[in-house]
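A.B. asks: Got a structure here, written out as structure tokens. Questions coming.
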Amino acid sequence: MSVVPVSAARLPPISGAAHAAAAELGRALKGRISLDEQDRLAYSRDMWPKALLWVREGRIPPPPDAVVWPRDEAEVVEIVRIARAHRIPLIPFGAGSGVCGGVLAVQGGIAVDLKRLERVGRVDPESLTVEAQAGVLGEVLERNLNAQGYTLGHFPSSIYMSTLGGWLAARSAGQLSSLYGKIEDMTVGVRAVLGTGEVVATPQRPRRGPDLAQLLIGSEGTLCLFTAATLRVHPYPEERAFRGLRFRTVAEGVEAMRRLFRAGLRPAVARLYDPFDTALVARSRHKGPATPPSLRGVVRADVLPALTRQLSARTLGRPGWINRAADLFRSCLLVLMFEGEARRTAREEEHARALCLRTGGEDLGEEPARNWYRERYAVSYKMSKVVDNGAFADTMEVAATWDKVLDVYERVRAAVAPVAFVVCHFSHAYQEGCSLYFSFVASGSDDVDQERRYDQLWRTALSAAVSAGATVSHHHGVGLLKQTQLREELGEGRRMLEALKRACDPDGILNPGKLTL
Amino acid sequence: MTDDLRDALQRLLVARFAAEADGTITLSPSHERELKAVLDLFREHRQPLPPNVRISRARMDGIGTIDPVAGTVEAGAGVPLARLEQELRQRDLSLGPLSPGMLALDLASFLEGPYAGLRVVPGGRLEALPLALTALMSDGLRFISRPSPRSAAGPDLDALFLGGEGRFGWITSATLRCFQRPRAERTAAYALSAPDAALSSLRTAVARGCWFRRVLLQPERDRVLLQAEVIGPPEGVERDLSSLAHEVFARGGRSQTPVPPAAAPALPEREVSWDELGRGLDEGRAATLYRIALDTVVVSGWTDGGLPLGGRGTPSDWANRDVLQAIAREADPLSVFGGAQ
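Taken in sequence, the protein lines are chains A and B.
Under my numbering, the letters of the first sequence match residues 1 to 517, in that order.
Under my numbering, the letters of the second sequence match residues 518 to 858, in that order.
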């Protein structure tokens, strides 16, 4: 993979195959194709922080040769046919909110922006399902459903800048996944165009055989281009109940979360902030929101600008100092939210509160959770400001069963402490375990050192997480970032992924170089 | 099957090679290593598994670690689900509300057959019982997935094996998700004016989070009786009963005295859609429901409609057959597992 200096003001030349394909694509799509440098540049990256580092250094990630904008499924089929004929890669593109480099055109090719496939159907009130096209933006879909009296229950922090197709491609999770599940849980069926050009529609149950939808969801553009999905929806919640609780230690807080879910309670949100994250929250309380959704919100609002102004880059370059200081803090904040039928919501919240108090929690009232809810989307933006300040930040979301959660937490913190300032929150909880969402901030002496530290950080952190029994990703996906660890996680089972690839994309044109394929 | 291969299998398995008079051969390896040796022999002789050969994993019936913290259990492919449930209950855990048809199966049959290893969770979603699987692939290598509550590490490759009828590989063991053992069970009965009202009440209650072990629906001349067995922790059962009653009363239903539940005989089971269930009730057919999900329900005792859940199917019956068969050809190029028929 080559990273091109922006200062050269020159993108890699468009390949001959792309030029040849472009003429056909232009005719098929009635001109909805661009080979302009601006468009190629715009589609050269997603929100992967490493790509931001490259941009700061004056380099750009590998761009596509061209960008196309199909309007319907038939046009997607035609794009695949032309790409196959010219043996040119296709990179499905939603809204570019991925954080792992999944859309980088590592072998050139055509970026297929699917946002014009944006229709949302009527909710079937009997089956509680809706069909939506893959390019619809998350917020548009949710508002449409709300207007019909329903909710999808999928609220990723990227909801304003991510599409249904992107969610499917990356096995996305929303903030309320504990109640509504991840996107793979709420998908009843998908429509997709395979690399063969074949359109597949997975039927609803009852049906025989393996569930093809679950084999396509999470394929990150390597097996198919999603065009639509049938999704499970829910009546818009009648009521929400909020609760904040403080625990003396991470272990106590995690145990309370575990007991909640093992007891069969179904909070929509259960987020436990580790001690330093909790302390940051307390510091910012007098300024406004008492409970930001994650470190990234804190970083954006308070901490990093202050740190980068008041502490020298040298200090951030020695994160061990800050991490040791963080060890002085102990107590953790747990945010709970229940929603749904009024009669159930209040009762579940009461039971959850009682259970938390029995597990050593201290009731902080509703406000911390209400604040979290108000600020729940105040994330994911202005990462570039962090980078502008001469540092870098990133997040790592892994998942593990309850018996391994604390070990994963301790091992990752210990491994990363010499490299980056690290905090963590525990969220997306289920009966069997939860996700651990680590946030890192670090700096380096110069651009080269920063990139070296960035790579070292990820190697160290993921290796620690995986060796403690976590999976490499809970909801961000793999992209370019986690391929080495994915290969390790799959082991010999990678053969099945290769078999899927050969069957669904025999010419290898779909997003090559991703998912180890 | 050639004589050479037959002899080699007999030498390998000795008493665990059983040939019947009708030509059926049952191979019963004791553990994964022996199963791999069986697979290796078929591959070395470049022969697919013939229809008259049955691979029994009944001897691979060990129950491994039961983890009360994560609520998981490791189990061999041959362990009968009824025995596993008994063991789990002694540790205050449960596989959840399974139907008599499911409980009559061993783990491999439940996972690979038409039940596809699916259970229902509160809220009405169908969810795979295994958190992770170990399976032998056609080349004898092991497929091992990582136990995690959810993952975004690529596609869910476990899905190839669930409902896969052994065409992509043979499951040898699994890490299963367990619930806390339900500590309370209550039965409530109602009368509603029409099947539509009964099904609508029930489906909405499921969506609200009600968790049923079993529901009986009995159409009568001018009404439908609905009797629901609610399970869970005591406070959860109270919540669920309250929700169900609210839905029933909102549709004009009335409380009835529950009939003492009879022991459930193991009748044939079928997975049917709610539409099909409604049509059956309209025709006056009573229904005993299990695995009551928002997508479908399992009906005991019906002899037609929906998807029959007994026995095994073939890939020619599969939905998305062409794509799945193409994957099978790639995963098993020598057609050891019977190939893509």
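C-beta: ideal position from N, C-alpha, C; glycine also.
(1) Would residue 576 of chain B and residue 545 of chain B be called neighbours here (beta carbons separated by less than 8 Å)?
(2) When burial is assigned at 16 or more other CB atoms within 10 Å of the CB, is residue 594 of chain B buried or exposed?
(3) Mapping DSSP to helix, strand and coil, what is residue 835 of chain B?
(4) Return helix, strand or coil for residue 291 of chain A, following the three-state DSSP convention.
(5) Output, in chain order, the set of chain B residues within a Cβ distance shorter than 8 Å of residue 340 of chain A.
(6) Could you spell out the range, first to last residue, of the beta strand (DSSP E) harbouring residue 581 of chain B?
(7) Taking all protein chains shown into account, do 16 or more other C-beta atoms lie within 10 angstroms of the C-beta of residue 432 of chain A, making it buried, or fewer, making it exposed?
(8) What is the DSSP secondary structure of residue 751 of chain B, reduced to helix, strand or coil?
(9) Taking 8 Å as the threshold (beta carbon to beta carbon), is residue 156 of chain A in contact with chain B?
(10) Is the distance from the Cβ of residue 346 of chain A to the Cβ of residue 265 of chain A below 8 Å?
(11) Bridge partners for residue 234 of chain A per DSSP, in chain order?
(12) Looking at the strands, I want to know which residues DSSP matches up with residue 702 of chain B.
(13) Grouping DSSP H, G and I as helix and E and B as strand, with all else coil, what is residue 98 of chain A?
(14) CB-CB under 6 Å to residue 309 of chain A, same chain, minus the five flanking residues each way: which ones, in chain order?
(15) Would you say residue 497 of chain A faces chain B, with C-beta separation under 8 Å as the test?
(16) Starting from the beta carbon of residue 834 of chain B, find every residue of chain A whose beta carbon is closer than 8 Å, and list them in chain order.
(17) Does the beta carbon of residue 203 of chain A come closer than 8 Å to any beta carbon on chain B?
(18) Looking at C-alpha atoms only, which residue of A:462, A:476, A:492 is the closest neighbour of residue 484 of chain A?
(19) Going by the DSSP bridge assignment, what does residue 126 of chain A pair with across the sheet?
(20) On the three-state DSSP scale, how would you describe residue 208 of chain A?
(21) Let me check understanding here. Comparing Cα to Cα, which of A:118, A:446, A:200 lies closest to residue 162 of chain A?
(22) Output yes if chain A places a C-beta closer than 8 Å to the C-beta of residue 631 of chain B; else output no.
(23) If you follow the alpha helix (DSSP H) that residue 691 of chain B is part of, which residue opens it and which one closes it?
(24) Examine the ligand GTP and report whether any of its heavy atoms sits within less than 7 Å of the Cβ of residue 398 of chain A.
(25) Between A:427, A:159, A:64, A:330, which lies nearest to residue 557 of chain A when the distance is taken from Cα to Cα?
(26) I need the DSSP call for residue 298 of chain A, collapsed to helix, strand or coil.
(27) So the beta strand (DSSP E) residue 105 of chain A belongs to, where does it begin and stop?
(28) For residue 242 of chain A, which option in A:193, A:152, A:369, A:136 has the closest C-alpha, if you only look at C-alpha atoms?
(29) Give the secondary structure of residue 433 of chain A by DSSP, where H, G and I count as helix, E and B as strand, and everything else as coil.
(30) Can you tell me where the alpha helix (DSSP H) holding residue 604 of chain B begins and where it ends?
(31) Out of A:231, A:22, A:173, which has the shortest C-alpha to C-alpha gap to residue 125 of chain A?
(32) Give me the chain A residues within the contact set of residue 763 of chain B, using Cβ-Cβ distance strictly less than 7 Å, ordered along the chain.
(33) Under a three-way DSSP split, which group does residue 133 of chain A fall into?
(34) Can you list, in chain order, the residues of the region 471-487 of chain A whose Cβ is nearer than 9 Å to any Cβ on chain B?
(35) Comparing C-alpha positions only, which one of A:248, A:277, A:445 sits nearest to residue 389 of chain A?
(36) Give me the subset of the region 354-368 of chain A whose CB atoms are less than 7 Å from a CB atom of chain B, sorted by chain position.
C.D. replies: According to the data block:
(1) Result yes, Cβ atoms of residue 576 of chain B and residue 545 of chain B sit closer than 8 Å.
(2) Under this definition residue 594 of chain B is a buried residue.
(3) Residue 835 of chain B: coil per DSSP, three-state reduction.
(4) Any reading at residue 291 of chain A must be qualified, since the residue scores a pLDDT of 41, below 50, and its modelled position is unreliable; no value is offered.
(5) Simply 725, 726.
(6) Here the beta strand (DSSP E) through residue 581 of chain B covers 580-584.
(7) Looking at its Cβ environment, which holds 16 or more other Cβ atoms inside 10 Å, residue 432 of chain A is buried.
(8) In the structure shown, residue 751 of chain B sits in a helix (DSSP, three-state: H, G or I).
(9) So, not an interface residue.
(10) Judged by their CB atoms, residue 346 of chain A and residue 265 of chain A are not nearer to each other than the 8 Å cut-off.
(11) A:151.
(12) Per DSSP, B:748.
(13) DSSP places residue 98 of chain A in the coil class of the three-state scheme, outside both helix and strand.
(14) Residue placement at residue 309 of chain A is poorly supported in this model, since its pLDDT is 47, which falls under 50; the coordinates still yield a value, given next. Correct list: empty, nothing qualifies.
(15) Yes, residue 497 of chain A counts as interfacial toward chain B.
(16) Those within 8 Å of residue 834 of chain B in chain A are 208, 209.
(17) So yes, residue 203 of chain A belongs to the interface.
(18) Nearest C-alpha to residue 484 of chain A among A:462, A:476, A:492: A:462.
(19) Residue pairing of residue 126 of chain A in beta bridges, as defined by DSSP: absent, with no partner found.
(20) Correct three-state label for residue 208 of chain A: coil.
(21) Just measuring C-alpha positions, the residue of A:118, A:446, A:200 sitting nearest residue 162 of chain A is A:118.
(22) Yes, its Cβ sits closer than 8 Å to a Cβ of chain A.
(23) Taken as a continuous stretch (DSSP letters only), residue 691 of chain B belongs to no alpha helix (DSSP H), being part of the beta strand (DSSP E) at 687-694.
(24) Looking for the ligand GTP in the displayed structure turns up nothing, as the structure carries no ligands at all.
(25) Because chain A spans 1 through 517 in this model, residue 557 of chain A falls outside it and cannot be assessed.
(26) With a pLDDT of 44 at residue 298 of chain A, under the threshold of 50, the predicted position of this residue should be treated as unreliable, and no value is reported.
(27) Membership of residue 105 of chain A in any beta strand (DSSP E) is not indicated, and neither H nor E is assigned to it by DSSP.
(28) Closest by alpha carbon: A:369.
(29) The answer is strand: DSSP assigns residue 433 of chain A an E or B state.
(30) Run containing residue 604 of chain B: 598-607, per the alpha helix (DSSP H) assignment.
(31) Of the candidates A:231, A:22, A:173, the one whose C-alpha sits nearest the C-alpha of residue 125 of chain A is A:231.
(32) Going along chain A in sequence order, the residues near residue 763 of chain B (Cβ under 7 Å) are 343.
(33) It is a strand residue.
(34) Correct list: 471, 472, 473, 474, 475, 476, 477, 478, 482, 485, 486.
(35) Nearest in C-alpha terms to residue 389 of chain A, of all of A:248, A:277, A:445, is A:445.
(36) Listed in sequence order: no entries.
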